[in-house]
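J.: Residue numbering for the sequence shown follows my numbering, starting at 9 and increasing by one per position.
So that we are looking at the same thing, I have put the structure below in structure tokens.
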Amino acid sequence: IGIFEQYKNFNLKRGEGVAGKVWETGQSLVVEDYQTWAGRSNVFNTIPFHSVVGIPLKSGTKVSGVIGLSHRESGRVFSEEDVEFLTRFAEFASIALENARLHTLVQRELTARNKAEATLRQITDNMQDIITQIGPDGIILYASPSHKWVLGLDPNELIGHLILERLAEAFSILSQAVERGEKPDRITMRYQHAEGHYLWMECVSSIISDKNGEFAGAILSSRDVTQRKETEARLRNSEHQYRLLADNADD
């Protein structure tokens, strides 16, 4: 501001001029006459000012900015009281700037997190595979919304219940794999829909380990493969009928 308005957004190099020196050392600096000071920057040659003070703005021990003031009158200098006042002002300004920086970071993180959660929610709300997360004790911790339209089950009512009540075969195979230290096999099993009829479900398990490598639970991804199983059954039946016809034709 003031006589330096024309240099708004201009950056001095580290160690250049008063601001550069304060940035480099992290210490306040008072120059009685900038025009005769050996460390002056040539950038300000066209501006007639003399005494200058620079006070660091800090974030922890790092200099995040510099407050600079100058006198245009020759012979007028900044006193110790002036420097002390400006130092205290800079401390309050540094706190305000740090709070603003942290607030901005938190807002960015929250925005990114909300975006990621919205994307994940959109995926889980529309996918056909059903996802079930269990703890090390077999208790269901998460059930995807797809439980509702695939199996007719309210996912909220599944949480807190033992998976053995629903996927006993899958949990048994998972437990055996954990005991052997192996990756669980993909399994295909029959599962009763809430309306009473049965579906063929294909289940893949992914083991979750804690920081010590111990079993901390698992995520099960299951898919309705009833149509595929029925198609395979029809093909097998057709092959069987063809063999019978072929055998009879040979006779």
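No residue lacks a Cβ here, since even glycine has one placed at the ideal position from N, Cα and C.
Just curious, the alpha helix (DSSP H) that LYS191 is in, first and last residue?
T.: From DSSP, LYS191 is part of no alpha helix (DSSP H); its letter is neither H nor E.
J.: Between the Cα of SER72 and the Cα atoms of MET209, SER78, LEU105, ARG96, which residue gives the shortest distance?
T.: Closest option to SER72, Cα to Cα, is LEU105.
J.: If you check the beta carbons only, do THR140 and LEU253 fall under 8 Å apart?
T.: In this structure, LEU253 does not lie closer than 8 Å to THR140 by Cβ.
J.: Of the residues GLU210, ASP193, VAL74, which one's Cα is nearest the Cα of VAL38?
T.: Ranking the options by Cα distance to VAL38, first place goes to VAL74.
J.: Taking the Cβ atom as the reference point for each residue, do GLY42 and VAL61 lie within a distance shorter than 8 Å?
T.: Rather than Gly, the amino acid found at residue 42 in this sequence is Tyr. Their beta carbons are not under 8 Å apart, which means TYR42 does not touch VAL61 by this criterion.
J.: State the DSSP-derived secondary structure class of PHE223, mapped to helix, strand or coil.
T.: DSSP places PHE223 in strand when its eight states are reduced to three.
J.: Secondary structure at LYS156, three-state DSSP: helix, strand or coil?
T.: Three-state result, LYS156: helix.
J.: Bridge partners of TRP6, per DSSP?
T.: This structure cannot settle anything about residue 6, because the visible part of the chain is limited to 9 through 259.
J.: Nearest to LEU166 by alpha carbon, out of GLN184, MET197, ILE63, ALA151?
T.: Among GLN184, MET197, ILE63, ALA151, the Cα nearest to that of LEU166 belongs to ALA151.
J.: Output the distance between the C-alpha atoms of LEU20 and THR44, rounded to the nearest integer angstrom.
T.: Cα to Cα, LEU20 sits roughly 19 Å from THR44.
J.: Here's the rule I'm using: 16 or more other beta-carbon atoms within 10 Å means buried, otherwise exposed. How should TYR199 be labelled?
T.: So TYR199 counts as buried.
J.: For GLY28, report the span of its alpha helix (DSSP H) as first-last.
T.: That run of the alpha helix (DSSP H) goes 25-33.
J.: Across which residues does DSSP place LYS66 in a beta bridge pair?
T.: Per DSSP, VAL71.
J.: Verify whether the separation of the beta carbon atoms of LEU170 and HIS201 is less than 8 Å.
T.: No, they are not a contact pair.
J.: Going by DSSP, what residue range makes up the beta strand (DSSP E) through LEU149?
T.: Note, LEU149: beta strand (DSSP E), 148-151.
J.: So is GLY25 buried or exposed if we call it buried at 16+ other beta carbons inside 10 Å?
T.: With 16 or more Cβ atoms within 10 Å of its Cβ, GLY25 is classed as buried.
J.: For the candidate residues CYS211, LEU113, GLY68, PHE97, whose alpha-carbon lies nearest to that of SER180?
T.: Nearest option by C-alpha distance: CYS211.
J.: Rounded to a whole number of angstroms, what is the C-alpha to C-alpha distance between LEU113 and LYS70?
T.: Spanning the two alpha carbons is a distance of roughly 18 Å.
J.: Using a 10 Å radius around the Cβ and a threshold of 16 neighbouring Cβ atoms, would you call ASP162 buried or exposed?
T.: So ASP162 counts as exposed.
J.: Check THR127 in the structure and name its three-state DSSP category.
T.: Looking at THR127 - three-state DSSP - the assignment turns out to be helix.
J.: Could you check whether SER102 and LEU65 sit closer than 8 Å to each other, using their CB atoms as the reference points?
T.: Result yes, Cβ atoms of LEU65 and SER102 sit closer than 8 Å.
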